[in-house]
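S.K.:
Structure, rendered in structure tokens:
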């Protein structure tokens, strides 16, 4: 098994078929990379959403605690 | 299996079966339209309308390609092994167009039985071989005589 | 008792925890195999006697088309299992399979188009193979769109499963279209019942790519399924714990 092209330029040119071959590979790898990274983005979004929920929950609790303290007779 | 699940399984199978049957019937009814092109024997049998945009496909008969000296005009014959069809064309042929290889042409059937093509596409086969191996195989044409198109 | 493993499989939490260990290995295998297969196919496999170098697109076109078809069966069968056994996880797998299948079908169509130009002489023809493949893309997009059309997940799951099941009829049509009708597309190169019509020196890189795409499919399907599980189960204590545990270690590290 040996490298089939004489130079890098010949490898890129591929006897005139280079643009077709490289476009096909480039689009494929971009699409596959998007598939692979989408779950990570979703995870980050979910985490942010959960943290927001937690902050809201914490604020609600502290407000409630203050209110119940205020309502209690000294 | 639980009877309720069995019932749902049967429902799913019936759904798939019915939709398959429906699609099978539709494709059967349209079976002529599902073909991308007519074979040369369909032209010989008179199944192809004159002066309408149609496609013809077949093997380019070896030795039939005649190029005009002063223009791009070219004529060649297509075959499916049963009949031959003459095609005339006046533009640049695709790189993979060759005698003994399959081609698909789009054009009109003329009254004299020839097809005037305005587009010629090369139909390559499913074989992949390195150049050295292809040479040692004595340059066998992929569809010689239109055995398959 | 024989069904016990089957019902355990239906637990999203069990699936999430079980697959955690596999993810990095599947990712590594797919990156290595696809990387090696691409270099092999692009630079080291010999050129084709007739098509020259343009045939090198086969190394992504065929694996993508393979998985686009196989992935549809995975989506439809998951939908059927979800309908019959009311298994939550099965619907999640079905929903995760839709975008992956759509991307693979798009890759098969796109690479086919740019391969068609230098060989056939055109980017696109409406022959039976290419048209049925376009219908496959619409089916995948249909499942994705249908899922978004319903606000209630359970209704969306059922509707998607029904559409996916009805669409299965298209798969044998795609596969056999090149034999049943006259098409511009050539018949299959890789045959299961007889000798494949491709030279071994060109077949081994193709096989590497096909195995690599299978690994990539398994990896991305699991990754998408796992994220969808977290989204659906975010109220449960195990997801809350999981997410909090992660964010705590991250904030410590930062």
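Residue numbers (this note's numbering), protein chains in the order written: chain A, 19 to 92; chain B, 109 to 257; chain C, -3 to 250.
Ideal placement from N, C-alpha and C gives every residue a C-beta, glycine not left out.
Predicted model only: the values in this text are computed from it and were never measured.
How many Å lie between residue 200 (chain B) and residue 180 (chain B) at the Cα?
M.R.: Working through the second chain from its first residue, we reach residue 200 (chain B) at position 92. Working through the second chain from its first residue, we reach residue 180 (chain B) at position 72. Each residue's Cα considered, the two are about 7 Å apart.
S.K.: Taking the alpha-carbon positions, what's the residue 119 (chain B) to residue 166 (chain C) distance?
M.R.: As a first step, residue 119 (chain B) is located in the second chain; it is residue number 11 there, counting from the start. As a first step, residue 166 (chain C) is located in the third chain; it is residue number 170 there, counting from the start. Between residue 119 (chain B) and residue 166 (chain C), the C-alpha separation is close to 20 Å.
S.K.: Could you tell me the alpha carbon to alpha carbon distance between residue 53 (chain C) and residue 174 (chain C), rounded to whole angstroms?
M.R.: Locating residue 53 (chain C) in the third chain gives position 57, where the first residue counts as 1. Locating residue 174 (chain C) in the third chain gives position 178, where the first residue counts as 1. Cα to Cα, residue 53 (chain C) sits roughly 19 Å from residue 174 (chain C).
S.K.: Whose Cβ in chain C lies nearer than 8 Å to the Cβ of residue 76 (chain A)?
M.R.: As a position in the first chain, residue 76 (chain A) is number 58, starting the count at 1. Here the premise fails: no neighbours, minimum Cβ distance about 13 Å.
S.K.: Leaving out five residues before and five after residue 163 (chain C) in sequence, what residues of the same chain have Cβ atoms less than 6 Å from its Cβ?
M.R.: Residue 163 (chain C) sits at position 167 when you count from the first residue of the third chain. Once the five neighbours on either side are set aside, the close Cβ partners of residue 163 (chain C) are 135.
S.K.: What are the residues in the segment 67 to 90 of chain C lying within 8 Å of chain B by C-beta distance?
M.R.: Residues 76, 79, 80 and 81.
S.K.: Does DSSP put residue 139 (chain B) in a helix, a strand or coil?
M.R.: Start at 1 with the first residue of the second chain, and residue 139 (chain B) comes out as number 31. The answer is coil: DSSP assigns residue 139 (chain B) none of H, G, I, E or B.
S.K.: Which whole-angstrom value is the C-beta distance of residue 163 (chain B) and residue 213 (chain B), which I expect to be below 8 Å?
M.R.: The residue labelled residue 163 (chain B) in the question sits at position 55 within the second chain. The residue labelled residue 213 (chain B) in the question sits at position 105 within the second chain. That pair is a contact at about 7 Å.
S.K.: Just grab the DSSP bridge partners of residue 231 (chain B) for me.
M.R.: Here residue 231 (chain B) is taken as the residue at index 123 of the second chain, counted from 1. Beta-bridge pairing links residue 231 (chain B) to B:210.
S.K.: Name the chain C residues that come within less than 9 Å of residue 53 (chain A), Cβ to Cβ?
M.R.: Within the first chain, numbered from 1, the residue matching residue 53 (chain A) stands at position 35. Residues of chain C passing the Cβ test: 95, 96, 99, 100, 212, 216, 219 and 220.
S.K.: Anything in chain A within Cβ reach of residue 199 (chain C), meaning under 9 Å, just list it in chain order.
M.R.: Counting from one through the third chain, the residue named residue 199 (chain C) turns up at place 203. Correct list: empty, because the minimum Cβ distance to chain A is about 13 Å.
S.K.: For a cutoff of 8 Å on Cβ pairs, would you count residue 244 (chain C) as touching chain B?
M.R.: In the third chain, counting from the first residue as 1, residue 244 (chain C) sits at position 248. Its pLDDT being 48, under 50, residue 244 (chain C) is placed unreliably in this model, and the value from its coordinates should be taken loosely. By this cut-off, residue 244 (chain C) is not an interface position.
S.K.: Here's the rule I'm using: 16 or more other beta-carbon atoms within 10 Å means buried, otherwise exposed. How should residue 202 (chain B) be labelled?
M.R.: Sequence index remark: in the second chain, residue 202 (chain B) carries index 94 (1-based). Result: buried.
S.K.: Within a Cβ cutoff of 7 Å, which residues of the same chain sit near residue 93 (chain C), ignoring the five residues on either side of it in sequence?
M.R.: For the purposes of this step, residue 93 (chain C) is taken as residue 97 along the third chain, with counting starting at 1. Taken in chain order, the residues that qualify are 67, 70, 71, 74 and 217.
S.K.: Going by DSSP in three states, residue 186 (chain C) sits in which element: helix, strand or coil?
M.R.: Locating residue 186 (chain C) in the third chain gives position 190, counting from the first residue. Note: residue 186 (chain C) maps to coil in three-state DSSP.
S.K.: Can you find a C-beta in chain B that's less than 8 Å from the C-beta of residue 39 (chain C)?
M.R.: By 1-based counting over the third chain, the position of residue 39 (chain C) is 43. Judged by the 8 Å Cβ criterion, residue 39 (chain C) is not in contact with chain B.
S.K.: DSSP state of residue 69 (chain C), grouped into three classes?
M.R.: The sequence position of residue 69 (chain C) within the third chain is 73, counting from 1. If DSSP states are grouped into helix, strand and coil, residue 69 (chain C) belongs with the helices.
S.K.: One question on the structure: do residue 99 (chain C) and residue 64 (chain A) come within less than 8 Å of each other, judged by their Cβ atoms?
M.R.: Counting from 1 along the third chain, the entry for residue 99 (chain C) is found at position 103. Counting from 1 along the first chain, the entry for residue 64 (chain A) is found at position 46. Not in contact: residue 99 (chain C) and residue 64 (chain A) (Cβ atoms no closer than 8 Å).
S.K.: Output yes if chain B places a C-beta closer than 8 Å to the C-beta of residue 47 (chain C); else output no.
M.R.: On the third chain, position 51 is the one that residue 47 (chain C) refers to. Chain B, which has a Cβ nearer than 8 Å to the Cβ of residue 47 (chain C), makes this yes.
S.K.: For the alpha helix (DSSP H) that residue 69 (chain A) lies in, which residues bound it at each end?
M.R.: Here residue 69 (chain A) refers to the residue found at position 51 of the first chain. Per DSSP, residue 69 (chain A) belongs to the alpha helix (DSSP H) from 36 to 89.
S.K.: Note the first and the last residue of the continuous alpha helix (DSSP H) segment covering residue 152 (chain B).
M.R.: What you label residue 152 (chain B) is simply residue 44 of the second chain in a count that begins at 1. Taken as a continuous stretch (DSSP letters only), the alpha helix (DSSP H) holding residue 152 (chain B) covers 148 to 152.
S.K.: Just tell me which of C:62, C:150 and C:176 has its CA closest to the CA of residue 132 (chain B).
M.R.: Mapped onto the second chain, residue 132 (chain B) falls at position 24. Nearest C-alpha to residue 132 (chain B): C:176.
S.K.: Given that a residue counts as buried once 16 or more other Cβ atoms are within 10 Å of its Cβ, and exposed if not, what is residue 169 (chain C)?
M.R.: Numbered from 1 along the third chain, position 173 holds the residue referred to as residue 169 (chain C). That one is buried.
S.K.: Determine the contact status of residue 119 (chain C) and residue 236 (chain B), defining contact as a CB-CB distance below 8 Å.
M.R.: Translated into the one-based positions of the third chain, residue 119 (chain C) becomes position 123. Translated into the one-based positions of the second chain, residue 236 (chain B) becomes position 128. For residue 119 (chain C) and residue 236 (chain B), no; Cβs fall outside 8 Å.
S.K.: Quick check on residue 141 (chain B): buried or exposed, where buried means 16 or more other Cβ atoms within 10 Å of its Cβ?
M.R.: Position 33 of the second chain, counting from 1, holds the residue named residue 141 (chain B). Under this definition residue 141 (chain B) is an exposed residue.
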